[in-house]
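Taking it in order: structure first as structure tokens, then the write-up.
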Amino acid sequence: MKRKKYRWLSLVSVLAVLGLWQLVTDGLHLMPDYMLPSPMAVCRAFAYKLGGGVNPDGASLWTHIFTSLKIALGGYVAGAVIGVPLGVAMAWYKKVDLFVKPLFDLLRPIPPLAWIPLMILWFGIGYGAKVAIIFISAMIACVVNSYAGIKQTRQVHIWVAQTFAASDLQILLRVALPTAWPMIFTGLKTSLGSAWMALVAAELLASTSGLGYMIQMARQMGRADIIVVGMIVIGLIGAALSALLDLLAKKLVKRRN
450 MKRKKYRWLS LVSVLAVLGL WQLVTDGLHL MPDYMLPSPM AVCRAFAYKL GGGVNPDGAS
510 LWTHIFTSLK IALGGYVAGA VIGVPLGVAM AWYKKVDLFV KPLFDLLRPI PPLAWIPLMI
570 LWFGIGYGAK VAIIFISAMI ACVVNSYAGI KQTRQVHIWV AQTFAASDLQ ILLRVALPTA
630 WPMIFTGLKT SLGSAWMALV AAELLASTSG LGYMIQMARQ MGRADIIVVG MIVIGLIGAA
690 LSALLDLLAK KLVKRRN
């Protein structure tokens with residue numbers, strides 16, 4: 450019963466924002482269309498782009514979504530595949546930690562945007578450069594959370610495993626990793642958000658399609674309605690991907706427990 454009440458509260462907040470938006474634009478005309486389009490104008494632009502409209506950016510909304518997903522998920526998967534094992538290895542093996550952590554701590558504060566010039570020099574202006582920027586953004590969160598998850602393993606649990614003659618690898622796989630799974634999935638979720646947020650910056654690299662490119666072209670053409678459509682679609686897809694990851698985390702963690 451409480452959950453239904455909270456869902457209604459969430460719905461009311463969304464409707465309140467939409468109502469205020471409509472009032473400020475079409476109701477009181479406090480904001481001109483070129484600065485803040487009304488909800489109806491955004492809906493018309495969304496229907497136009499979704500139906501295959503190519504102006505002003507040369508592609509439909511579906512094309513932009515597919516391109517952005519290919520870039521974002523490519524960089525995210527690469528970041529997770531490398532970041533999670535690296536964070537686990539750093540936390541579990543002292544020599545790996547001593548070897549990698551100083552370099553990682555030096556590179557971690559550098560924002561993904563700062564890598565754009567180097568990525569252009571290394572990979573050109575194609576798919577590889579965009580994926581590399583998102584890879585860096587995603588990998589950092591995976592390493593940090595995997596490292597923290599392994600480090601929170603209780604020493605008493607390790608001692609018990611050692612009492613039963615478990616090897617170092619067995620303790621890692623059967624004691625430390627099950628303890629770290631919640632933190633690891635938190636890192637995967639955080640890195641997914643970072644990867645999706647880095648998308649617009651990655652698509653500044655001479656793209657011809659993608660949601661970031663669509664927003665940039667709309668800005669140049671003064672199409673605020675298309676800009677808002679792009680922002681909303683980025684938010685909706687990001688929320689959907691995050692929800693899928695939450696569902697996967699609940700099933701896997703519950704199964705392991």
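Numbering (our numbering), first residue to last: 450 to 706.
For every residue, glycine included, the Cβ atom is placed at its ideal position computed from N, Cα and C.
Source: prediction; values computed, not measured.
Are the beta-carbon atoms of residue i and residue j separated by less than 8 Å?
i: SER658; j: ALA496; result: no
i: ALA629; j: THR612; result: no
i: ALA610; j: ILE599; result: no
i: LEU654; j: ILE589; result: no
i: CYS591; j: GLY636; result: yes
i: ILE520; j: LEU648; result: yes
i: ALA644; j: TRP541; result: no
i: ILE710; j: ALA688; result: The requested residue 710 is not part of the displayed model; the chain covers only 450 to 706.
i: ALA563; j: ASP674; result: no
i: GLY684; j: TYR483; result: no
i: SER517; j: LEU660; result: yes
i: THR474; j: LEU458; result: no
i: VAL682; j: LEU510; result: yes
Let me know if residue i comes out buried or exposed under the rule of 16 or more other beta-carbons within 10 Å of its beta-carbon.
i: TRP608; result: exposed
i: PRO561; result: buried
i: SER616; result: exposed
i: SER487; result: buried
i: SER656; result: buried
i: LYS498; result: buried
i: HIS513; result: buried
i: MET489; result: exposed
i: PHE548; result: exposed
i: SER640; result: buried
i: TYR463; result: Rather than Tyr, the amino acid found at residue 463 in this sequence is Val. Counting Cβ neighbours within 10 Å, VAL463 comes out exposed, since fewer than 16 surround it.
i: GLY501; result: exposed
i: ALA529; result: buried
Report the CB separation of residue i from residue j in whole angstroms; it is logged as a contact under 8 Å.
i: ASP546; j: MET663; result: Going by Cβ atoms, the distance from ASP546 to MET663 rounds to 43 Å, so no, they are not a contact pair.
i: VAL678; j: VAL461; result: Not really, about 24 Å apart at Cβ, beyond 8 Å.
Counting only beta-carbon separations shorter than 8 Å, does residue i have a partner in chain C?
i: MET663; result: The structure shown contains no chain C, having only a single protein chain.
### the region 584-595 touching the region 518-529, judged by at least three CB pairs closer than 8 Å
These segments touch.
### Query
Can we say the region 532-551 touches the region 592-599, given the rule of at least three CB pairs closer than 8 Å?
Enough Cβ pairs lie closer than 8 Å, so yes.
#### Entry: the region 562-580 contacting the region 646-653, beta-carbon criterion three pairs below 8 Å
Yes, they touch.
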